[in-house]
Structure formats: C-alpha cells, structure tokens
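Notes to accompany the following structure.
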Amino acid sequence: MSLPEVLLWQRLRGLDHLRFRRQHPLGRYILDFYCPAARLVIEIDGESHNRGNRPVHDMVRDAWLTERGLRVIRIAAVDVLRNPDSVAAAIARAAQPLHHPAAPGGPPPHAGHGEDRQGRAP
C-alpha cells in the first residue's frame, strides 16, 4: 500500500459504524478500499492516474463498478497526505446515507427477534 493508503486505512479502521476492506478483489480489479454495507468503493489516485491511458482505464473501471450497483469515490493522494482526518470524515459522511445494515441482498433478520419465521410479530 502507498503512504496515502496507509494513512487513510489507519483512520478508516477506527470508524465504529462502518467496516472497510483494503485491497479488496472484485472481478479483475483490486479496490483500494471497499465498504460492503454501503456498497462504497474508495480509490486513492496518485499522479500516475493523470498520465497516458490511465484516465480512460479508470473511467472503464468506474463504469464496471457502477453497473454493479457500487458507488465509487476517487480521492487525490495529495489530499490524503495533506489532511487524512478530514478525508476520512468526508468518507464516513458519504457512506452514512448508503449504510443499510439489512440491505437487500444481505441475510434476512433472524427469526426470534420479535418475529416468527414468516416475519409476523407474535
């Protein structure tokens, strides 16, 4: 991991309400950070992301992820280096409205928590 990724990872790990994975494989890509509960991808972009065919590659990658229902946020590495706490706070705010503990596609709530197996209250 790059220095900006390490600095951000240290802060993302400390978030109580959100869980991020680092270097998460998905399809043919490796995501810098991924929050499954919010379906949120965070990519840290160094200077190389502005050179050659990299911008086109990033657009194709982002489109592939978006087609799968994921939101992608790209952050300049220099912004993380300047103020990693502020970047982590912005990510937490962005993820909060997306965070659904019982999101569709996730496991259903367990019976016995005020409902029977058909989802009716006792």
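Start counting the sequence shown at 1; every next residue gets the next number (this note's numbering).
Built from N, CA and C at the ideal position, the CB exists for glycine as well.
In this text the structure is predicted, and so the values were computed from the model without any measurement.
Please tell me whether L81 and P25 are closer than 8 Å, where the distance is taken between their beta carbons. Within the sequence shown, residue 81 is the residue found at index 81, counting from 1. Within the sequence shown, residue 25 is the residue found at index 25, counting from 1. It is not a contact, given that the beta carbons lie outside the stated cut-off.
Does the Cβ of A63 have 16 or more other Cβ atoms within 10 Å, making it buried, or fewer, making it exposed? Indexing the sequence shown from 1 puts residue 63 at position 63. Per the 10 Å Cβ criterion, exposed.
Taking buried to mean at least 16 other C-beta atoms within 10 Å of its own C-beta, is D32 buried or exposed? Position 32 of the sequence shown, counted from the first residue, corresponds to residue 32. By the 10 Å Cβ count, D32 comes out buried.
Is the distance from the Cβ of L12 to the Cβ of A88 below 8 Å? Within the sequence shown, numbered from 1, the residue matching residue 12 stands at position 12. Within the sequence shown, numbered from 1, the residue matching residue 88 stands at position 88. Cβ atoms of L12 and A88: closer than 8 Å.
Among R74, L70, P84 and T66, whose alpha-carbon lies nearest the alpha-carbon of A37? Along the sequence shown, one-based indexing puts residue 37 at 37. Checked all of R74, L70, P84 and T66; the closest Cα to A37 is L70.
Identify whether R39 lies in helix, strand or coil by the three-state DSSP scheme. Position 39 of the sequence shown, counted from the start, is the residue given in the question as residue 39. Looking at R39 - three-state DSSP - the assignment turns out to be coil, as it is neither helix nor strand.
With a cut-off of 8 Å on the beta carbons, I'd call L18 and P84 a contact; round off their distance for me. In the sequence shown, residue 18 corresponds to position 18, counting from 1. In the sequence shown, residue 84 corresponds to position 84, counting from 1. So it is not a contact: roughly 16 Å between Cβ atoms.
If you follow the alpha helix (DSSP H) that H57 is part of, which residue opens it and which one closes it? On the sequence shown, residue 57 is found 57 positions in, with the first residue counted as 1. Looking at the DSSP string, the run of the alpha helix (DSSP H) that includes H57 is R54 to E67.
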